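Per my numbering, the very first residue in the sequence shown carries number 4; after that it's consecutive. Positions of the beta carbon are idealized from the N, C-alpha and C atoms, including for glycine. Keep in mind it's a predicted model, so treat the numbers as computed, not measured.
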Amino acid sequence: LAEAGIRAFDVASFSEMERVRYIAGAELYYMNPIKSRSAIARAYREFGVRCFAFDSHDELDKVLAETDGADDLTLFLRIACPNNHSLIPLEGKYGTSAEEAPALLLRARQRAARLGITFHVGSQAVVPAAFGKVLTQVAQLIVSSGALVDAIDIGGGFPARYPHSDPPSLDCYMEEIVRAANALAVKHSCELLCEPGRALVAEAEAVIVHVDARRGDTLYINDGAFGTLFDAAFSGFRYPVRCVTPGREDLGPTQTAFALFGPTCDSADYLPGPFVLPDAVGEGDYLEIGQVGAYGRVLANRFNGFGEFDEVVLTDEPMLSMFGERQSDDREGASSVRF
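Here is the structure:
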């Protein structure tokens with residue numbers, strides 16, 4: 004990302020701050036709406052964070068107090084918004100109400116060098132209009148509060164492709180966002196930011212797993228819910244899958260819908276799928292499971308002592324893509340494959 008010219012990074016922890024702090028010109032956005040006082044102080048003083056999100060008077064008080072009333076802050080008000088067009092709704096934890104937002108925005112305007120509004124439509128937003136609807140809500144807030152807003156962070160939610168979810172092209176999302184942003188009263192002076200996560204990285208990684216056993220239409224594999232396949236177990240995601248056992252890539256036309264069990268002793272280590280594979284797949288085969296670049300690696304843990312892997316970086320096409328034809332540059336299409 005840095006090589007591509009990205010200099011703005013959304014960070015949630017000191018670990019993430021450490022990873023990007025030495026990138027020349029990096030600007031860190033501490034967008035957790037709720038943080039401890041010590042975290043705010045350390046972020047401001049040690050890591051040079053100047054951009055903070057808040058969603059209440061209490062949180063705004065904390066930021067102002069722990070930065071000693073600094074005059075160089077960019078403050079983003081997190082507003083609540085519907086998540087009904089997303090496969091993983093995230094509403095309920097953060098976000099101020101429409102009734103409280105105008106007063107909070109005006110108060111922050113009095114203390115901020117730059118003022119922003121932020122929201123999140125939920126993870127894997129499958130309808131582009133979700134962004135437009137909330138930007139309309141933002142436009143109404145700006146008018147009702149009378150506050151001059153310098154930036155709007157439209158959050159994440161940009162989708163990837165999966166067997167169970169085939170969203171419109173990203174161009175459709177951009178067109179909807181631009182249309183709604185152009186209706187803002189501050190469109191000429193307001194910076195527009197976003198937090199692309201899943202759409203950016205989902206297809207960049209796959210995992211190769213071993214079939215340890217087959218019981219009817221269930222395969223027992225050596226990765227699972229507590230490894231890179233968390234979303235398949237707990238969020239109902241289905242990943243593209245294919246047999247890659249050398250010499251057994253073509254197992255005939257008959258297909259079977261399989262469920263998967265992971266390697267741990269916990270019965271919750273279960274991936275219902277269905278994962279469609281040749282009926283001849285069985286013990287000893289290797290499967291490639293694609294689209295695990297988003298959240299797979301970071302949600303994996305060492306439960307029951309599992310979790311070790313080998314990593315191989317190769318040039319390959321993803322099993323599904325939101326981006327269409329790509330150039331043949333060596334860095335394009337590089338996938339990290341876990342064994």
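With a CB to CB cut of under 8 Å and the five nearest residues on each side skipped, what residues in its chain are close to residue i?
i: LEU3; result: Absent from the structure is residue 3, since the part of the chain shown begins at 4 and ends at 342.
i: PHE264; result: THR221, LEU222, TYR223, ILE224, GLY227, ASP272, TYR273 and LEU274
i: GLU178; result: PRO131
i: PHE237; result: ALA228
i: ARG45; result: PHE17
Is it true that the CB of residue j sits closer than 8 Å to the CB of residue i?
i: ALA202; j: ALA150; result: no
i: VAL3; j: PHE278; result: This structure cannot speak to residue 3, because the chain is shown only from 4 to 342.
i: VAL152; j: LEU118; result: yes
i: ALA154; j: THR99; result: no
i: GLY293; j: MET322; result: yes
i: MET34; j: ALA68; result: no
i: PHE50; j: LEU31; result: yes
i: SER324; j: GLU206; result: yes
i: GLU198; j: ASP156; result: yes
i: ALA297; j: GLY200; result: yes
i: CYS246; j: LEU290; result: yes
i: ARG251; j: GLY276; result: no
i: VAL189; j: ILE120; result: no
i: ASP71; j: PRO36; result: no
i: GLN140; j: CYS193; result: no
Please list the terminal residues of the continuous alpha helix (DSSP H) segment that includes residue i.
i: PRO105; result: 104–114
i: CYS175; result: 173–184
i: LEU232; result: LEU232 -> no alpha helix (DSSP H), and no H or E assigned at all.
i: ALA128; result: First-last for ALA128: 126–128, but that is the beta strand (DSSP E), not the alpha helix (DSSP H).
i: ARG201; result: 201–204
i: ASP19; result: The amino acid at residue 19 is misidentified as Asp; the sequence shows Glu. Where GLU19 is concerned, the enclosing alpha helix (DSSP H) stretches over 17–23.
i: LEU31; result: Note, LEU31: premise wrong, no alpha helix (DSSP H); beta strand (DSSP E) at 30–33.
Would you please state the rounded distance, in angstroms, between the beta carbons of residue i and residue j? I believe it to be under 8 Å.
i: VAL129; j: PRO170; result: 5 Å
i: ALA186; j: ALA216; result: Incorrect: roughly 57 Å between the Cβ atoms, too far for contact.
i: ALA111; j: LEU80; result: 6 Å
i: THR248; j: ASP282; result: That belief does not hold up - the Cβ atoms of THR248 and ASP282 are roughly 15 Å apart, past 8 Å.
i: LEU107; j: LEU173; result: Not confirmed; about 32 Å, so no contact.
i: PRO27; j: SER89; result: Reading off the sequence shown, one finds Ala at residue 27, where the question assumed Pro. About 35 Å; that fails the 8 Å criterion.
Can you give me the start and stop residues for the beta strand (DSSP E) that residue i sits inside?
i: GLY276; result: 273–281
i: ILE211; result: 208–218
i: ASP156; result: 154–156
i: PHE261; result: 258–264
i: PHE57; result: 54–57
i: SER192; result: Unbroken run through SER192: none, as it is neither H nor E.
i: VAL244; result: 244–246
i: VAL284; result: Careful: VAL284 lies outside any beta strand (DSSP E) and carries neither H nor E.
Go ahead and pull the three-state DSSP assignment for residue i.
i: TYR47; result: helix
i: GLN294; result: coil
i: PHE237; result: helix
i: SER148; result: helix
i: LEU76; result: coil
i: LEU63; result: helix
i: ARG251; result: coil
i: PHE12; result: strand
i: ALA133; result: helix
i: ALA7; result: coil
i: LEU90; result: strand
i: ARG40; result: helix
i: GLY119; result: strand
i: ALA337; result: Caution is warranted here: a pLDDT of 34 is assigned to ALA337, below 50, making its placement in the model unreliable, and no coordinate value can be reported.
i: GLU314; result: strand
i: THR267; result: coil
i: LEU323; result: coil
Keeping to the same chain, check which residues put their C-beta closer than 6 Å to that of residue i; ignore five residues upstream and five downstream.
i: VAL23; result: PHE12 and ALA29
i: GLY135; result: GLU179 and ALA183
i: ASP288; result: VAL214, CYS246 and THR248
Apart from the five residues just before and just after residue i, which ones in its own chain have a Cβ nearer than 7 Å to its Cβ?
i: GLY230; result: GLY265, ALA303, PHE309 and GLY310
i: ARG53; result: ASP75, LEU76 and THR77
i: GLY255; result: PRO281 and ALA283
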